[in-house]
Amino acid sequence: MLNEVEILSAAEAADLRARLLERPWTDGRATAGHQSARAKQNLQLDAADPVGLEQGEALIRRLGQSAAFVSAALPHRIFPPLWARYRPGDRFDTHVDNAVRYGHGGAIRTDLSATLFLTPEDEYEGGALVIEDSFGPRRVRLPAGRMVLYPSSSLHHVEPVTQGERVCAVLWLQSLVRDDGQRTLLLDLDNSIRSLGAGLPPDDRRIVALTGTYHNLVRRWAEL
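To convert, count from 1 in the sequence shown and add 11; that's the working numbering.
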């Protein structure tokens, strides 16, 4: 299931993008798997770049402060972001993300992938992220500061940029709940509880009971 979450304001996204564009960029194929390397044409910030590392840590802290992100992802571990840049002609053909990401002191199973858009939609053309799910291909172009979450098992690609340039952060997450269907049910339940609870006192027994059901399901399905 695809989920969209606002992580940064437009001004924060612009400031972050400006900081990143001042740094040296390298061939994006350096971190791609065997199949993905043949499909990938873009630039990325070196994984050891100090500014990239600093801003990546700040972004992960920001994600932890977003109730909408935590509810949708139920994150257990987050792989530091890869900062990507697409110029005219750059693209990433259809691929599936690696099942495991190695580095930064360990390895994580990739349950969810995420793309945080940093360039305003009106500053580039093309470059849509196309994700194939049970409802068919979904084209995603979001305002700067918004993130899309999707199962890492999904086939997806980035259409060629035809004008301007597209800068984004790409992240991978290991969720407490591996199964996408279970995560979707938990998100729906959490959203319903929040919606119903908005018009009721916090100690209303119906809300307390539903909240208990939510946490009991997480307890049953979570992997630590």
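For glycine and all other residues, C-beta sits at the position ideal for the given N, C-alpha and C. This structure is a prediction, so every number in the text was calculated from the model and none was measured.
Based on DSSP bridge pairs, tell me the residues matched to M158.
Answer by DSSP bridge pairing, in chain order: V16, L127.
Review point. With C-beta atoms as the reference, is P61 less than 8 Å away from L123?
Key: Cβ distance not < 8 Å, so P61 and L123 don't count as in contact.
Subject >> Reduced DSSP secondary structure (H/G/I, E/B, other) of H87 >> reply: Reduced to three states, the DSSP call for H87 is strand.
Looking at the unbroken alpha helix (DSSP H) that takes in S206, where does it start and where does it end? Going by DSSP, S206 is part of the alpha helix (DSSP H) stretching over 191 to 208.
Original post:
What residue does the beta strand (DSSP E) around L56 start on, and which one ends it?
Top reply: Per DSSP, L56 belongs to the beta strand (DSSP E) from 54 to 56.
Please classify P212 as buried or exposed, where buried requires at least 16 other C-beta atoms within 10 Å of its C-beta. The C-beta of P212 has fewer than 16 other C-beta atoms within 10 Å across all chains shown, which makes the residue exposed.
Please say whether I142 and H167 have beta carbons closer to each other than 8 Å? Yes. Within cutoff.
Margin query: Using a 10 Å radius around the Cβ and a threshold of 16 neighbouring Cβ atoms, would you call Y113 buried or exposed?
Written below: Classified as exposed, Y113 has fewer than 16 neighbouring CB atoms from the shown chains inside 10 Å of its CB.
Exercise. By the 10 Å Cβ neighbour count, where 16 or more other Cβ atoms means buried, how is T242 classified, buried or exposed?
Worked result: Only positions 12 to 235 of the chain appear in the structure, and residue 242 is not among them; the question remains open.
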